[in-house]
Structure formats: structure tokens, C-alpha cells
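This report concerns only the one structure given below.
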Amino acid sequence: MYLLFPPPQSFISSEINRHLDAPGISQRTETFCRSNVTTQNSTAFDDTLCTINPVNRRWAFAAWVFVYSLMGIGATTIYVIGAPYLDDSIPNNDSPFYFAITIAVRIIGPVLGYLLSSFCLTFYVDMGKRPDWKSDDPRWIGAWWLGALILAIVIALFALILASFPRIMKRKDNDIAENVSSYGVGDMTTSSTATLELSEPQNPNTNSDTNKNRLAEFKEALRRLLRNPVLLCSCGSSIFTILGLAGYFVWLPKYFEHEFRLSKSNAAMYSGLSGNVTMIFGVLLSGYLMKKYHPSSGQVAAIVAVSKYVYAFGLLLIMLLSDCNFMSDLPGSLQMNGSLKLDIECNEGCNCGTVQFLPICFRGTSHQQTYFSPCHAGCREAPSLNGSVDYSSCMCDSLSLATPGYCMETCSNLYIYMVLLAVIKLVVSVGAVGNLIIDLRCVEERDKALALGFLATMSGLLGFLPNPIIYGSLIDSSCLAWEASCGEKGSCWVYNTEEFRYKLHGLTSACLMIAGAFEVLTYFKVKGLSLFNNKNF
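Quick note on numbering: full-length UniProt numbering labels position 145 of the sequence shown as 145, and the sequence is numbered without any gaps.
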């Protein structure tokens, strides 16, 4: 399915090539003050670019929807079928450590993914072209599709390994007896094998009877799940956990990029490294301790609930300690709608736009100031000298030394953020294994795969699906300057970093607190549930 990413890229790359090949694209005229050009005529060059063989965005969007649908099917299947398959193939007392290994590997995956993303983003989106700007330029678009091609090869190799596993894995009789005695809720259906199938047909005479039997079995199994209070509480927790953490980690690279002034590739790298290494250690440690000491279901539920609140309040703590105070970096006045009016007295009449974001810094002996672009600094177009542009004739500041980029380029609070997040994730990871164990033990053995499928479906519909809408609309409301090109609003160039920080961490923390409330309910509902042999609450 990763091989399907290049088609939408092919739809887009042709338009990018035409933009790069357009005359003077590397030195767009709107980046300089044009007092002798009317606002109406100043967009003529942009309109020309917008009408050059426009890409059919619907095809690209349709291709993305199709690709992500296939990805969702594949990812859900391996989780829903894989966990019960593993649980049925090993003794109950050993399952925590094995699950810890699988969870740790799943944590390593995003880490490697972020590192791969960081590497791929150092290449331009169309590797056959090379723009004049560098990878730390806000206009840079990295080769986002390259990682998908690399992953397609790796996943294909692992798929061959998975295909070599038997559909039914033989079990020892003593292992079967051990697993049967560990279930404390409902009547259990036992088997001498670990199988990838939910159930076998009950001697059907015809295909029609078989389908009716399977449908009846499915309805009855679904009723059992909907009457299971522990599973329903776990479902509520999963929904709000996914809703919060999915949005947080999707927007974390963008937050690093704007709060700490990192390039896109470095933002992706730091996002992948932020606490995931300590989280792997915590998951493995918790799996080992659960395997050795066999905590009760109440103790496990309490640990999971506490971990949710540690995560929630930990995010609020790092939210307060990670402010880099870049708010005053760009001059302008805030409007009623929250946007930043970039037109000031010294660039009046320059007809500046926001098609491109080209920050320029003026450093004097006693002050420094960043402007959105040379145009917003009142700079008139000047010839290049040895490959660099002369910014000496700028009306907003003609005496200071002008250099491209921000004046405030770094922020040491990044390291505070990384360390605190690592500690928080270490503590939080202790509850990861216990959460999965409770989900598998609170249902009948025959319902394990369906239970995980139910959790994955509800988390996807109520967690993943509304996530981009909720987080996107909230964080976009903190945008100060939008890209304005081709008569449409594009991506956000500059955020109000204070609002960005509060909204990202505040919303995620609120979701985790609600998830923690469901885990508290789980604590009171798991009484009598056996996790290891007959050791109860």
C-alpha cells in the first residue's frame, strides 16, 4: 500500500516543476517594496502561475483517501488478529513480557519513522529539480513520499515472514489448562490450538446456513461485548486517549518548528526522539515486573489510571516551561480576528503580500528586529553581489546589518522540553502493558479478537476521524499570517506561539484527563477479574 503514495505525488510534482521553471521564480518581485505598482497589478505574476496547467486536486485527494484506507485496514488487522494469536500461543503468566516486547517494537516504529522522515525531508519534493532556497527556508517542501517507497520494501520483507506462520499453532495441554483457569468473567470456550479465526462453523449443511450461523454468532458476541462494563470503560478511555495523543503527535513537529525555530527536518527528528527511548525502557520494565509479581487486576487498573493523569498534568507542566518568548519578533498590530497586520508606517504603499515568507533580520548595536519579508521591511529591489542580495536601501531600517532569517534563531527551552517529556513518558509507559492485558482478560476467550476489533473501530471513528478537524480548527485559530496565493488561503506562515502552545497542550491534557476518568471507572469494575491464574482483585 505504501507503493501507492507516488501517484498523488505525480499529480502535484508537475505543478511544482512549472512554478520552479517560471521566469524569476527564485527572486519573486513581491518580496521587495513596489510603491510604483498597484495592488491589482502586483498579483499579475501570481495569477500567471496559478493558470499554468492547474493540477487536478481531486485526483490527488482521491488517491490519498484510497491509500490511507488501505493503510487503516492493514494496521488494524495485524493488531486485532495478532494480539489474540500471541496471547493464545503462550502461557498466561508469560504474556505481559511478550506484550511488552510487541509494544516496545511499536514504539520503535514511530522513532525510526521520524528519523526516516527527517532524512527524506532534506531532499526536495521533486528530486529532479533543485530550487534556489535551502531546506531551512519556509518555502522548502521535502520529499515526503520517499519514505513510503523505502517502507514498502521493508514491509514486503516482513510480510513474507508473517505469512510463514501457521494458521493454527499447537499448544501444550498444561498451557491450555493454565489459560483456562485465568479467565474470571463469563463462560469460556476453550481450544487446544491458537488460531487466527474467531470461530469455526458449526457443521453447516449449506452456504446459506453457514452465513446465518456466522451472523447469529457475530450478533451474540457483539451483545456480550456491549454488556461488558470493563470493556466499555476501556473503550471510552481509548477514544479520548487516541483523540488527544494522535493530535498531539501530528502537530508536535509543527510546534517544534515554530516554537523552537527548527527546520522541518530537525523538527521531525526531535519529535521522534522526544521521550520514545525512555518509553521503550518503561514498557519492557513494566512487562518484566508484571510477569514476575503478577499484580491484581485492581492494581493494574490503578496504575493505568495514574499514568493517564501523570501524562495530562505533565503536559501542562512542560507547557508552562517551554515558552521561548518569540511573540514580539515580528512587528505589526493584532486584529480583531487574531491575525497580525503586517503593514506598518515604514512599508506603507509597498503593496506587500504573503505569498512567500522570507524573514529578514536587522541587527543594530542596541536592537534587532525581524520582518516578514524584505518588502515588509521597506526594502527596494537591489542587484545581487557575489550571490547575496544587497538590503541596504530599506525604509524601516537602513543603518543595521540585514541578513536573511529570524533574529532569534534558537531557544534553549527545547532541551528542557525534551528532558521533561522523556521523564513523563517513562512513567506513563508503565501502564501500557496492563491496559492491553485487561482488554484481553475482561472478555471470553472466543471474543478477544472481536473485542480488540471493537476497540479499534470505535477509537478510529470517534478518535482518529474527528481528530484532524478538532485540532486543525483550534490550532489554525492561532495563526497570525496566512499564505495568500491564487486567490485562496494556503498554509499558515506564522503562529502566535503562545496560543499554539496553550491550545496544543491544553486540549491534549483535557482529553487525557477524561481518559483517566474512564480508567478510574475501570478500577471499580474489574473486581473479580483474574489476570494471572486465579489471582483476583
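Here a beta-carbon is modelled for each residue, glycine too, at the ideal position from N, C-alpha and C.
Predicted model only: the values in this text are computed from it and were never measured.
Nearest to residue i (by Cα), restricted to the options the options
| i | options | result |
| --- | --- | --- |
| cysteine 375 | Gly364, Thr354 and Gln368 | Thr354 |
| threonine 76 | Lys489, Phe454 and Val526 | Phe454 |
| glycine 463 | Ser237, Val80 and Asn211 | Ser237 |
| cysteine 442 | Cys361, Val526 and Tyr391 | Val526 |
| lysine 425 | Leu521, Thr278 and Leu401 | Thr278 |
| leucine 243 | Ala451, Ile469, Glu519 and Phe524 | Ile469 |
| leucine 146 | Phe66, Tyr114, Leu160 and Thr457 | Tyr114 |
| glycine 364 | Ala156, Leu436, Gly275 and Leu401 | Leu401 |
| leucine 436 | Arg58, Pro96 and Phe524 | Pro96 |
| alanine 163 | Gly82, Thr102 and Asp94 | Gly82 |
| arginine 227 | Phe524, Ala451, Pro331 and Leu160 | Ala451 |
| threonine 410 | Leu116, Met127 and Asn266 | Asn266 |
| leucine 112 | Pro84, Phe99 and Leu273 | Leu273 |
| leucine 320 | Cys396, Glu499, Ser89 and Ser393 | Glu499 |
| serine 366 | Ile78, Asp397, Asp343 and Thr31 | Asp397 |
| alanine 449 | Arg130, Ile78, Trp140 and Gly349 | Ile78 |
Cβ-based neighbour list, residue i, same chain, cut-off 6 Å, excluding 5 preceding and 5 following
| i | result |
| --- | --- |
| glycine 431 | Ile303, Val304 and Ser307 |
| isoleucine 280 | Ala104 and Ile107 |
| asparagine 347 | His376 and Gly378 |
| leucine 521 | Cys233 |
| methionine 418 | Ser274 |
| glycine 128 | none |
| asparagine 467 | Leu243, Ala246 and Gly247 |
Burial state of residue i, where buried means 16 or more other Cβ atoms lie within 10 Å
| i | result |
| --- | --- |
| leucine 165 | This sequence places phenylalanine at residue 165; leucine is not what is there. So phenylalanine 165 ends up on the exposed side. |
| valine 154 | exposed |
| alanine 177 | Here the model assigns alanine 177 a pLDDT of 45, short of 50, so the residue's position is not dependable, and the following value carries that caveat. Exposed: under 16 other Cβ atoms inside 10 Å. |
| serine 412 | exposed |
| methionine 269 | buried |
| tyrosine 293 | exposed |
| alanine 503 | Looking at the sequence provided, one finds lysine at residue 503 rather than alanine. The residue is buried, with at least 16 neighbouring Cβ atoms inside 10 Å. |
| glutamate 345 | exposed |
| threonine 39 | For threonine 39, the predicted model reports a pLDDT of 48, less than 50, meaning its position is unreliable and no value from the coordinates is stated. |
| phenylalanine 240 | buried |
| threonine 48 | Only weak support is given to the placement of threonine 48: the predicted model assigns it a pLDDT of 49, under 50, and the question is left unresolved by the model. |
| leucine 312 | Per the sequence shown, residue 312 should be read as alanine rather than leucine. Buried. |
| alanine 143 | buried |
| leucine 465 | exposed |
| isoleucine 161 | exposed |
| serine 263 | buried |
| alanine 156 | exposed |
| valine 310 | buried |
| proline 318 | Sequence inspection shows isoleucine at residue 318; the proline mentioned does not correspond to that position. Buried, since its Cβ has 16 or more Cβ neighbours within 10 Å. |
| tyrosine 391 | buried |
| alanine 159 | exposed |
| phenylalanine 61 | exposed |
| residue 538 | Nothing about residue 538 can be read from this structure; the chain reaches only from 1 to 537. |
| leucine 461 | exposed |
Residues near residue i in its chain [Cβ-Cβ closer than 8 Å; skip 5 each side]
| i | result |
| --- | --- |
| serine 339 | Cys479, Leu480, Ala481 and Trp482 |
| serine 271 | Tyr114, Phe249, Leu252, Pro253 and Phe256 |
| methionine 458 | Cys235, Ser238 and Ile239 |
| glutamine 399 | Note that residue 399 corresponds to leucine in the displayed sequence, not to glutamine. Gly364. |
| arginine 501 | Tyr255, Glu259, Met319, Ser322 and Asp323 |
Contact belief for residue i with residue j at Cβ below 8 Å, rounded distance in angstroms
| i | j | result |
| --- | --- | --- |
| arginine 380 | cysteine 33 | 5 Å |
| residue 542 | serine 322 | The first residue shown for the chain is 1 and the last is 537, placing residue 542 beyond what the model contains. |
| leucine 86 | valine 300 | In fact, because the Cβ distance is near 18 Å, the residues do not count as touching under 8 Å. |
| threonine 497 | phenylalanine 256 | About 11 Å; that fails the 8 Å criterion. |
| alanine 456 | valine 80 | 6 Å |
| tyrosine 471 | leucine 414 | Actually they are not in contact, since the Cβ atoms of tyrosine 471 and leucine 414 sit about 22 Å apart, beyond 8 Å. |
| glycine 275 | alanine 422 | 4 Å |
| methionine 290 | glycine 109 | Incorrect: roughly 22 Å between the Cβ atoms, too far for contact. |
Own chain residues within Cβ distance below 7 Å of residue i, not counting five before or after
| i | result |
| --- | --- |
| aspartate 447 | Ala221, Arg224 and Leu225 |
| tyrosine 495 | His258, Ser478, Cys479 and Leu480 |
| leucine 316 | His505 and Ser509 |
| tyrosine 523 | Gly298, Ala301, Ala302 and Ala305 |
Any non-hydrogen atom of the ligand ZN closer than 7 Å to residue i Cβ
| i | result |
| --- | --- |
| valine 230 | The ligand ZN is absent from the structure shown, which contains no ligands of any kind. |
Cutoff 8 Å: residue i Cβ touching any chain C Cβ
| i | result |
| --- | --- |
| valine 300 | Of the protein chains in the structure, only one exists, and it is not chain C. |
field: Segment contact flag, the segment 273-291 with the segment 214-224, C-beta cutoff 8 Å, min 3 pairs
entry: No contact exists between the segment 273-291 and the segment 214-224.
message: Is it the case that the segment 55-73 contacts the segment 423-430, given that we only count it when at least three CB pairs across the two stretches are under 8 Å?
response: These segments do not touch.
query: Taking one C-beta from the segment 510-526 and one from the segment 243-253 each time, how about it: are there three or more such pairs within less than 8 Å?
result: Because the criterion of three Cβ pairs below 8 Å is met, the segment 510-526 and the segment 243-253 touch.
- request: For the segment 353-372 and the segment 397-410, state whether three or more C-beta atom pairs, one from each stretch, are separated by less than 8 Å.
  value: Taking a cut-off of 8 Å for Cβ pairs, the segment 353-372 and the segment 397-410 touch, as three or more such pairs fall below it.
message: Any contact between the segment 143-150 and the segment 111-121? By contact I mean 3 or more CB pairs, one from each, below 8 Å.
response: With the cut-off at 8 Å, the segment 143-150 and the segment 111-121 touch.
message: Is it the case that the segment 476-491 contacts the segment 343-357, given that we only count it when at least three CB pairs across the two stretches are under 8 Å?
response: The answer is yes - the segment 476-491 touches the segment 343-357, with three or more Cβ pairs under 8 Å.
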